[in-house]
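Data first, discussion second: the structure below is written as structure tokens.
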Amino acid sequence: MDNSKPSKDLFVPVDLKDSESERLTRPSLSFWQDSFNRLRKNFGAMAGIVVLLILILMAIFGPYMNKFDPYSQNLDHSFIPPKVPVLENIGWLGLDGVETAIIEGETVESAMTTVKLRMGPENAEFVETRVISEGGNGEPAKIEAKLDIYKAKNIETSYWFGTDSLGRDLWTRTWHGTRISLYIAFLAATIDMVIGVIYGGVSAYYGGRVDNYMQRVIEILVGIPNLVVVILMILIMDPGILSITIALTITGWISMARIIRGQVLKLKNQEFVLASQTLGAPDNRILKKHLIPNVTGLIVINTMFTIPSAIFFEAFLSFIGLGLPTPTASLGTLIDDGFNSLQTNPHVLIYPAIIISLIMVAFNVVADGLRDAFDPKMRE
Amino acid sequence: MEKLLQVNNLKVSFDTYGGEVQAVRGVNFEVNKGETLAIVGESGSGKSVTTKALMRLIPQPPGRIKEGEILFEGKDLAKYSEKQMQKIRGKDISMIFQDPMTSLNPTMKIGNQIMEGLVKHQKMSKSQAKKRAIELMELVGLPDAANRVNQYPHQFSGGQRQRVVVAIALACNPKLLIADEPTTALDVTIQAQILELMKDIQKKTDSAIIFITHDLGVVANVADRVAVMYAGKIVEIGTVDEIFYNPKHPYTWGLLGSMPSLDSADDELYAIPGTPPDLLNPPKGDAFAARNEYAMKIDMEQEPPMFKVSDTHYAATWLLHENAPDIAPPPAIQRRMEKMSRDVQYQTKGDRP
Amino acid sequence: MARYIFQRVLYMFLTLVLIATFSFFLMKMLPGTPLTMEDKLSETQKEIILEKYGLDDPVPIQYLKYMAGLAQGDLGISFQFDNREVTDIILSRIGPSMQLGAQALLIGTALGMLLGLISAIYHNGFLDYSSTFVAVIGKSIPSFIFAGLLQYYVGLKLGWFPVALWGTWEHTVLPTIALAMFPIAIAARFMRTEMLEVLGSDFIQTARAKGVNKFGVVFKHGVRNALIPLVTVMGPLAISLMTGTLVIEKIFAVPGIGEQFVISITTNDFPIIMGTTLFFSFFFVFIILVIDLLYGIIDPRIRLAEGEK
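Chains as they are written, first to last, in our numbering: chain Y, 1 to 380; chain R, 381 to 733; chain B, 734 to 1042.
Printed below as a string of structure tokens:
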């Protein structure tokens, strides 16, 4: 820069418009736009949203994607391993409809006998065997046995996720179960939200004695472990979608109520609300302009955390024998079922387990992302 | 006078989501042994960042020293490793922070917090350090020190805590003490006590002090020289008399004009219009131009260099250029400056040789 | 402080009495009695059985007897196991459950704290992202899924540890890992946030300005201040482990309270179900109380504030 000899005509005063000095240098964004921008930059959360959308679509349409019915049994086709057209050629995926087992025995002959028993004598001609080790010297003999059940039983169609002990198609059952689990979770989360927001909001908004009594009630309820409440409720009601949902909501709304109460109390005493009151804003304006927008984010985040915990509890109840009655499928009952045949037919467990894990991780990641996005402290 | 610290063309930036925020944009100044330099400026002008950069306490990332030298006793601290800096911090240079309520570790006894530096830098034993800690607490005017060394910060009042912070900073007789708005968070009466304490201690230990503040009253009280910062740059630097009696930069005029005094109760306070520029995209030309009622065309296009007013007094404004029209500070500010200069003379008499 | 403890203990008893009352009347509403299965008994036989279970009195008397029994630690008699007291059954099975829970809690929080610490120190670095990933997985995926994976791959395929049952320490490895995933995740996340907040606070800057090195800053000044709030999540964690043991014990056939509980649900053994839920409730309330008091002891600010009252 040539600072030494600036030309003379530059040394004339300029007229500054007022707007110049007061001009805001950044575009103004509404709270929601700003939050959304931040959420969009969060890779994990966006991936979570995509995964959730896919899973929800599959829960809706998945059961209609093949010709099977979630309840119809075919005992002849029990424990068929999964087979997916195209993907069957990728060996390590295990989607080729071939049951593989490594059988040990004292000698090769005795191992062969075990193979026969394991794979079923009627399938003997379809079993391919390969001797891995001859055994001897205290070492057992090892045989790898492969059976293409689809060939053995002459099954034309493919069971994409395989079948269970009663020969029901697991693809249909899994997506059906996902639908029911999601349904229970959304319902429970909605009820929790409604009760919690009303309870917390009323308690904080009216304050004083009302708040005092309402908080005593909460204090006692919080002391009761929700595990106990849920189990007791299920015991007296017959297990079913509705009773499980009710059991989940009996204690579920408390955390929402506490969060809402805390936030409203905090907001009520904040300067911008006091300022608004001083300027003569009526109650419903304060509610609409200040309280609701500042609480909405919290409600959304908390609900996003409630949903996976409801899914977990549903599965948990199924697991301890208090879940949906047979033959209804939910992710919980499917997983419980899967454990019964984990040693011989792990495919029964693996797909519902993957889906429940995906749902849980996705909801948690999205909820985390939303929390970060809504947190105005991060605003830069 | 012997130079203790010389800062050359220091630039500090923060990398944020929005881009590079240039918090400090080329700062030059020096501090002599035993003197007090005040850095004044509004919030966000880069005064805190500058001093934190001196101690290399800028969190990295997002912050980084982009350019420049920090010559402390001739050695460039900007090139020091973290290990080397740890030997300087607390020993040669130490720092007093703004908020005494949060600058002490809440779960550590006061005594241990004072002793920490002593044990580290002066290789004292625990008992020696404790003895010295009690002495320091007495030096900074905390009564009943022998008992209070074992107390926790929450058992002290705000003013007392700031005394503790001062004691921690003084523990190893630093050559340079950086005080980052040490009185802002305190009551006015306590402010005066802490200022007196610091002046007192400077007399005893002969440390140099860099005093950051936005309170010009405090500046008049403690400083030998003053640097005025705006938008990450020093816009005017001079002795306290030169800045108060003969300010040259329009921003300094604004600062002085916005300072209330008792006998100017009838006058309207002068307020600098507008807000400081966004350092994410610093404006072209003089950063102050948009708020400067004396702005000229050249202010919009070129950054002003430092013009020399006297051997000790420099200002970065095109108004000092030979081609610039002769502009005197606005009459209201002139009047206030005259009044204040009488006050300042009165206030500082006896404090300065 | 004494008044505070007294108040808390009082609240605890109130909650327990409420839970006990609530479960007693729920039990009365339940469809099953010891007689449902045995229609062919004569009237006298039925009377004898009803008397044995204290079911011949009017309900209010039954309630008082039940509460009096509770006060003495008597949880009634099991339907399923003749003449065995519920208290005995629970006590005989408490060992494995406690061992599993304690191992998972200790190992889990220790590992989690380490992960969280690493995350905070290398904030936004590769290690941070990796440990955050582990934490998200551990927090989201239910323990029974981990249990299934461990059982199938580590137990069955690799054969490193026993697939199920109880006995040597090797038997505890897989269930402990499955159970510890949640505490690891929670402790890691919590430690990370707390540590980041502490490391960003003013007193850390003071410590750095004193010339304290990185190790000193993190461990002497940071960890201690981050640990205090961590105590508050220990309670909820211990309780979530309680839920976890129910399924984990079932999967790994561990002879603990949880396994018995699940069996009792399938056999409609209500005295055991009620007894176990009451036992869980007591445990829950007790843990919350202990954590509360512990918090007061650890934090000098609370300790003194209470003491000065």
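Yeah, the Cβ is synthetic: ideal placement off N, Cα and C, and Gly gets one too.
Simplified DSSP assignment, three categories, for residue i
i, result
"residue 163 of chain Y", "strand"
"residue 907 of chain B", "helix"
"residue 901 of chain B", "coil"
"residue 169 of chain Y", "strand"
"residue 438 of chain R", "coil"
"residue 79 of chain Y", "coil"
"residue 705 of chain R", "coil"
"residue 675 of chain B", "Because chain B here runs from 734 to 1042, residue 675 of chain B falls outside it and cannot be looked at."
"residue 609 of chain R", "strand"
"residue 448 of chain R", "strand"
"residue 817 of chain B", "coil"
"residue 841 of chain B", "helix"
"residue 36 of chain Y", "helix"
"residue 930 of chain B", "helix"
"residue 21 of chain Y", "Note that residue 21 of chain Y scores a pLDDT of 49, beneath 50, so its modelled location is shaky; the value from the coordinates is reported in the next line. Note: residue 21 of chain Y maps to helix in three-state DSSP."
"residue 2 of chain Y", "Residue placement at residue 2 of chain Y is flagged as unreliable, the pLDDT there being 45, under the threshold of 50; the coordinate-derived value follows with that caveat. Looking at residue 2 of chain Y - three-state DSSP - the assignment turns out to be coil, as it is neither helix nor strand."
"residue 289 of chain Y", "helix"
C-beta contact flag for residue i and residue j at 8 angstroms
i, j, result
"residue 180 of chain Y", "residue 330 of chain Y", "yes"
"residue 509 of chain R", "residue 495 of chain R", "yes"
"residue 802 of chain B", "residue 974 of chain B", "no"
"residue 390 of chain R", "residue 433 of chain R", "yes"
"residue 873 of chain B", "residue 361 of chain Y", "yes"
"residue 162 of chain Y", "residue 236 of chain Y", "no"
"residue 174 of chain Y", "residue 351 of chain Y", "yes"
"residue 249 of chain Y", "residue 188 of chain Y", "yes"
"residue 552 of chain R", "residue 470 of chain R", "yes"
Residue i classed as buried or exposed, judged by whether at least 16 other C-beta atoms fall within 10 angstroms
i, result
"residue 941 of chain B", "buried"
"residue 361 of chain R", "Only positions 381 to 733 of chain R appear in this structure, which leaves residue 361 of chain R out of reach."
"residue 842 of chain B", "buried"
"residue 184 of chain Y", "buried"
"residue 64 of chain Y", "exposed"
"residue 238 of chain Y", "exposed"
"residue 674 of chain R", "buried"
"residue 635 of chain R", "buried"
"residue 742 of chain B", "exposed"
"residue 38 of chain Y", "buried"
"residue 900 of chain B", "exposed"
"residue 561 of chain R", "buried"
"residue 308 of chain Y", "buried"
"residue 269 of chain Y", "exposed"
"residue 436 of chain R", "buried"
"residue 827 of chain B", "exposed"
Distance cut-off 7 angstroms: residue i Cβ against heavy atoms of the ligand ZN
i, result
"residue 149 of chain Y", "For the ligand ZN, the structure offers nothing, since it holds no ligand at all."
**OP:** Check each residue of the stretch 748-763 of chain B: if its Cβ is closer than 7 angstroms to any Cβ of chain Y, include it; give the result in chain order.
**Re:** 748, 751, 752, 756, 759, 762 and 763
Original post:
If you measure beta-carbon to beta-carbon, which residues of the stretch 920-938 of chain B are closer than 7 angstroms to chain R?
Top reply: 934, 935, 936 and 938
**OP:** Using a Cβ-Cβ cut-off of less than 9 angstroms, give me the residues of the stretch 585-618 of chain R that come near chain Y, in sequence order.
**Re:** none
Subject >> Residues in the stretch 848-863 of chain B having any Cβ partner in chain R nearer than 7 angstroms >> reply: none
Original post:
Using Cβ-Cβ distances below 7 angstroms, what residues of the stretch 231-242 of chain Y are close to chain B?
Top reply: 231, 232, 235 and 236
**OP:** With 8 angstroms as the C-beta to C-beta threshold (strictly closer), list the residues of the stretch 396-419 of chain R near chain Y in chain order.
**Re:** 396, 397 and 398
Subject >> Whole runs of the beta strand (DSSP E) within the stretch 473-551 of chain R, excluding any shorter than 3 residues >> reply: 473-476
**OP:** Pick out the complete beta strand (DSSP E) segments inside the stretch 388-429 of chain R, 3 residues or longer, and give them in chain order.
**Re:** 399-412 and 416-420
**OP:** Would you mind listing the alpha helix (DSSP H) stretches within the stretch 843-889 of chain B that are 4+ residues and don't spill past its ends, in chain order?
**Re:** 859-873 and 876-882
**OP:** Would you list, in sequence order, the uninterrupted alpha helix (DSSP H) runs of no fewer than 4 residues that lie entirely inside the stretch 652-678 of chain R?
**Re:** none
Original post:
For the stretch 332-357 of chain Y, which residues have a beta carbon sitting closer than 8 angstroms to at least one beta carbon of chain B?
Top reply: 335, 338, 339, 342, 343, 346, 349, 353, 356 and 357
Original post:
Listed from N- to C-terminal order along the chain, which residues in the stretch 311-332 of chain Y have their beta-carbon within a distance smaller than 8 angstroms of any beta-carbon of chain B?
Top reply: 312, 315, 316, 319, 320, 321 and 322
Subject >> Members of the stretch 685-703 of chain R near chain Y, C-beta cut-off 8 angstroms >> reply: 685, 698, 701 and 703
Original post:
Looking at chain B, which residues of the stretch 663-680 of chain R have a Cβ within less than 7 angstroms of any of its Cβ atoms?
Top reply: none
Original post:
Mind pulling the beta strand (DSSP E) runs of 3 or more residues that sit fully within the stretch 559-630 of chain R?
Top reply: 588-593, 605-610 and 613-619
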